[in-house]
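Chemist: Dropping the structure in here first, questions after.
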Amino acid sequence: MNRGPNNSSHPSVVKQQYDTQNVWNFENQWRTELFSCKPCSQFLCAWCCSMCFGCKVAKSMGESSIIGCCPGSLSYFRTKLRTARRIEGSCCGDYWATSCCGPCVANQIANELDFQGLWGNRTTRKTHPRNDRSYHGDTY
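Rendered as structure tokens:
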């Protein structure tokens, strides 16, 4: 029985190469500056009705909307989004940005989510063909 490299009964072990750089060195930047008040209507909504806006941010990020009303939630959302999108920064920077101007942070998060297609009216509604009467050709 020949047990050469091609006739081996044992599976080959492939050693994966990985980058030895620090995985926490993020390469991306925020799409908008922190104190960018654009779009103006969105910023005014974040300023005048911060709890409602926070709930919308939470829902857009896949969290329970009620979390948007909790103190400190914007700092959490900013850190979550920054980490997920590999945006440069730190948890401490997220905390201080939120402490200085919460509506600015909320607007920045909304702009980043909008760029990713996760904000506003861009969410798609799931439809179920079995509930659609015209799908079966039935007329009622």
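Counted the way the numbering used here counts, the sequence shown spans residues 23 to 162. Glycine included, C-beta positions come from ideal geometry on N, C-alpha and C. None of these values were measured; they are calculated from a predicted model.
Helix, strand or coil for ASN50, going by three-state DSSP, please let me know.
Modeler: For the purposes of this step, residue 50 is identified with residue 28 of the sequence shown, where counting begins at 1. It is a strand residue.
Chemist: According to the neighbour-count rule (16 or more other Cβ atoms, all chains shown, within 10 Å of its Cβ), is ALA68 buried or exposed?
Modeler: The residue labelled residue 68 in the question sits at position 46 within the sequence shown. Under this definition ALA68 is a buried residue.
Chemist: Do GLN51 and GLU110 have their CB atoms nearer than 8 angstroms?
Modeler: Within the sequence shown, numbered from 1, the residue matching residue 51 stands at position 29. Within the sequence shown, numbered from 1, the residue matching residue 110 stands at position 88. Yes.
Chemist: Are the Cβ atoms of ARG100 and ALA119 separated by less than 8 angstroms?
Modeler: Counted from its first residue, the sequence shown places residue 100 at position 78. Counted from its first residue, the sequence shown places residue 119 at position 97. Yes, they are a contact pair.
Chemist: Going by DSSP, what residues sit across from THR109 in a beta bridge?
Modeler: For the purposes of this step, residue 109 is taken as residue 87 along the sequence shown, with counting starting at 1. A small correction: the amino acid at residue 109 is Ile; Thr does not occupy that position in the sequence shown. Answer is ASN50.
Chemist: Return the CA-CA distance between GLY139 and MET83, expressed in angstroms with no decimal places.
Modeler: If you number the sequence shown from 1, residue 139 lands on position 117. If you number the sequence shown from 1, residue 83 lands on position 61. Answer to the nearest angstrom: the Cα atoms are 11 angstroms apart.
Chemist: Measuring alpha carbon to alpha carbon, tell me which of VAL45, CYS70, PHE137, GLU49 ends up nearest CYS123.
Modeler: In the sequence shown, the residue the question calls residue 123 occupies position 101. Residue CYS70 is the option with its Cα nearest to CYS123.
Chemist: For SER97, count neighbouring Cβ atoms within 10 angstroms of its own Cβ and tell me buried if that reaches 16, exposed if not.
Modeler: Position 75 of the sequence shown, counted from the first residue, corresponds to residue 97. When all chains shown are included, SER97 counts as buried.
Chemist: Buried or exposed: which applies to VAL79, given that a residue is buried once 16 or more other Cβ atoms fall within 10 Å of its Cβ?
Modeler: Counted from its first residue, the sequence shown places residue 79 at position 57. Buried.
Chemist: Could you please give the first and the last residue of the uninterrupted alpha helix (DSSP H) stretch that includes GLY76?
Modeler: For the purposes of this step, residue 76 is taken as residue 54 along the sequence shown, with counting starting at 1. That run of the alpha helix (DSSP H) goes 72-82.
Chemist: Taking all protein chains shown into account, do 16 or more other C-beta atoms lie within 10 angstroms of the C-beta of SER95, making it buried, or fewer, making it exposed?
Modeler: As a first step, residue 95 must be located in the sequence shown, where it is residue number 73. So SER95 ends up on the buried side.
Chemist: Under a Cβ-count criterion, where at least 16 other Cβ atoms within 10 Å of its own Cβ denotes burial, should ALA141 be classed as buried or exposed?
Modeler: Taking the sequence shown and counting its residues from 1, one reaches residue 141 at position 119. With the sequence shown as reference, residue 141 is identified as Trp, and Ala is not the correct amino acid for it. Buried: at least 16 other Cβ atoms inside 10 Å.
Chemist: Give the secondary structure of GLU85 by DSSP, where H, G and I count as helix, E and B as strand, and everything else as coil.
Modeler: Against the sequence shown, residue 85 aligns to sequence position 63. If DSSP states are grouped into helix, strand and coil, GLU85 belongs with coil.
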